[in-house]
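Asks:
Residue numbers (UniProt numbering): 1 to 410.
This is the structure in structure tokens:
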């Protein structure tokens, strides 16, 4: 179940719609994930059934579904993760999603065909916690506010931790063959002729190991600690956050607001938003420029944008280089398809191969304008996918498990 539900644990809804804009506004959602945590969460797993046995409006939990996006959608809303990349496409595909997100997408014209559903009970488990710490964050300053903010933002991620632990262990060299036989060894540091330090993890998910043990009666190594997590809760929180942003986007489009770029909890638009959306309460919007505006801006991809504000200060967010490290001239150069090479100052890096921390004097990063989307008249055209051969995810996972069992039985 963890492997299946983890497919619905996608993350924030970040996308780009226009390349260049002038006289823009920048808004941020107050504590988006804490706001999402105030919704009902999936608790006890009740079982699974075929999609044709359940109506979407009666489902609470997760579903493997075939998705068909409406062709006339100006801004695609539902993410699809493929090859470790998150897209917001048009077209059709199969994915695993939280039921409440699918209900929202159906409201906006998406066609949802349920293949298999996974039902859960629901309960509000975080509301009192969120209200307590948000009150502290809202009315205090300094360390107390910082601690409250961390309590609000970091809790949900604990529920999404993977079940397989990475462990550092000192072993006798003569026993190394035993560890290589039953674990994945990431690195080995030879201390002396008798002892080495290894960084390792179990080859398989803890639950799969137990299933294989039960079916084959083999005495497999299962001395790893069990991670207490529930990815269903983490997936639900991120889905509720995407629902908040999706509903905000559709509202703004109805109000005639042009959206240039959206990050997980923020957006760039071409005009001031209505007063009733602005405030300090949980889930309301705040003006990041405090009444100011953006003179001109380029949006060149996910986590690739820069702008000049009304005080003539340049801001930049480009993955691979520190925030605000690019000049407007460099941003413009990238936008005109002229790559730049950027040196970043000394930074600390953890090295997983030898368990050391190294200081690298300067890193050379080449930044290019190479968006996944096509560009036409300053507007990015949504990616359209069409999966003609559909193999269900549930079938694929069962196939994988059976293959593992066949190998072990041999």
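Just so you know, even glycine gets a beta-carbon here, dropped at the ideal spot from N, CA and C.
Would a C-beta distance cut-off of 8 Å place residue 100 and residue 240 closer than the cut-off?
Replies: Here residue 100 corresponds to residue number 100 of the chain shown, with the count starting at 1. Here residue 240 corresponds to residue number 240 of the chain shown, with the count starting at 1. It is a contact, given that the beta carbons lie within the stated cut-off.
Asks: For residue 349, count neighbouring Cβ atoms within 10 angstroms of its own Cβ and tell me buried if that reaches 16, exposed if not.
Replies: Your numbering for residue 349 matches position 349 in the chain shown. Burial call: exposed.
Asks: On the DSSP bridge assignment, give the partners of residue 297 in chain order.
Replies: Translated into positions along the chain shown, residue 297 becomes position 297. Answer is 21 and 307.
Asks: Which same chain residues, not among the five before or five after residue 307, have their C-beta less than 6 Å away from its C-beta?
Replies: Counted from its first residue, the chain shown places residue 307 at position 307. Around residue 307: 294, 297 and 315.
Asks: As a quick exercise: from 62, 264 and 41, pick the residue whose alpha carbon is nearest that of residue 435.
Replies: The shown model of the chain, from 1 to 410, leaves out residue 435, and the question about it has no answer.
Asks: Taking a contact to mean a Cβ-Cβ separation below 8 Å, would you say residue 8 touches residue 97 in this structure?
Replies: The sequence position of residue 8 within the chain shown is 8, counting from 1. The sequence position of residue 97 within the chain shown is 97, counting from 1. Their beta carbons are under 8 Å apart, which means residue 8 touches residue 97 by this criterion.
Asks: Is the beta carbon of residue 234 closer than 8 Å to that of residue 299?
Replies: Walking along the chain shown from the start, residue 299 turns up at place 299. Walking along the chain shown from the start, residue 234 turns up at place 234. In this structure, residue 234 does not lie closer than 8 Å to residue 299 by Cβ.
Asks: Check the C-beta distance from residue 287 over to residue 278 and give it rounded, since I have them as a contact under 8 Å.
Replies: Position 287 of the chain shown, counted from the first residue, corresponds to residue 287. Position 278 of the chain shown, counted from the first residue, corresponds to residue 278. Between residue 278 and residue 287 the Cβ distance is about 7 Å, and since that is below 8 Å, they are a contact.
Asks: Going by DSSP in three states, residue 51 sits in which element: helix, strand or coil?
Replies: Working through the chain shown from its first residue, we reach residue 51 at position 51. In the structure shown, residue 51 sits in a helix (DSSP, three-state: H, G or I).
Asks: Just the Cα atoms here: how many angstroms apart are residue 19 and residue 75?
Replies: Indexing the chain shown from 1 puts residue 19 at position 19. Indexing the chain shown from 1 puts residue 75 at position 75. Going from the Cα of residue 19 to the Cα of residue 75 covers about 15 Å.
Asks: What does the Cβ neighbour count give for residue 242, buried or exposed, with the cut at 16 atoms within 10 Å?
Replies: One-based indexing of the chain shown puts residue 242 at position 242. It is buried - the Cβ of residue 242 has at least 16 other Cβ atoms within 10 Å.
Asks: Got a sec, what are the start and stop residues for the beta strand (DSSP E) residue 63 sits in?
Replies: For this step, residue 63 is matched to residue 63 along the chain shown. Its beta strand (DSSP E) spans residues 61 to 68.
Asks: Which residues mark the beginning and the end of the alpha helix (DSSP H) in which residue 2 is found?
Replies: Indexing the chain shown from 1 puts residue 2 at position 2. It spans 2 to 5 - the alpha helix (DSSP H) in which residue 2 sits, taken as one unbroken run.
Asks: With a cut-off of 8 Å on the beta carbons, I'd call residue 89 and residue 371 a contact; round off their distance for me.
Replies: For this step, residue 89 is matched to residue 89 along the chain shown. For this step, residue 371 is matched to residue 371 along the chain shown. That pair is no contact at about 14 Å.
Asks: Indicate the three-state DSSP secondary structure (helix, strand or coil) for residue 269 in the structure shown.
Replies: Working through the chain shown from its first residue, we reach residue 269 at position 269. Strand at residue 269.
Asks: Just verifying my parser: in three-state terms, what is the DSSP assignment at residue 290?
Replies: Indexing the chain shown from 1 puts residue 290 at position 290. In this structure, residue 290 counts as coil in the three-state DSSP scheme.
Asks: As an exercise, report each continuous beta strand (DSSP E) stretch of at least 3 residues that is fully enclosed by the stretch 222 to 255, in chain order.
Replies: Qualifying beta strand (DSSP E) stretches: none in this window.
Asks: Ignore the nearest five residues each way along the sequence and tell me which others in residue 256's own chain have a CB closer than 6 Å to its CB.
Replies: The residue you call residue 256 lines up with position 256 of the chain shown. Counting only Cβ-Cβ distances below 6 Å, and skipping sequence neighbours, we find nothing.
Asks: By how many angstroms is the C-alpha of residue 229 removed from the C-alpha of residue 222?
Replies: Taking the first residue of the chain shown as 1, we reach residue 222 at position 222. Taking the first residue of the chain shown as 1, we reach residue 229 at position 229. Model confidence at residue 222 stands at a pLDDT of 49, short of 50, so the residue's coordinates are unreliable and nothing is read from them.
Asks: Check each candidate in 93, 275, 41 and 341 and name the one with the smallest Cα separation from residue 125.
Replies: By 1-based counting over the chain shown, the position of residue 125 is 125. Residue 125 has its Cα closest to that of 41, out of 93, 275, 41 and 341.
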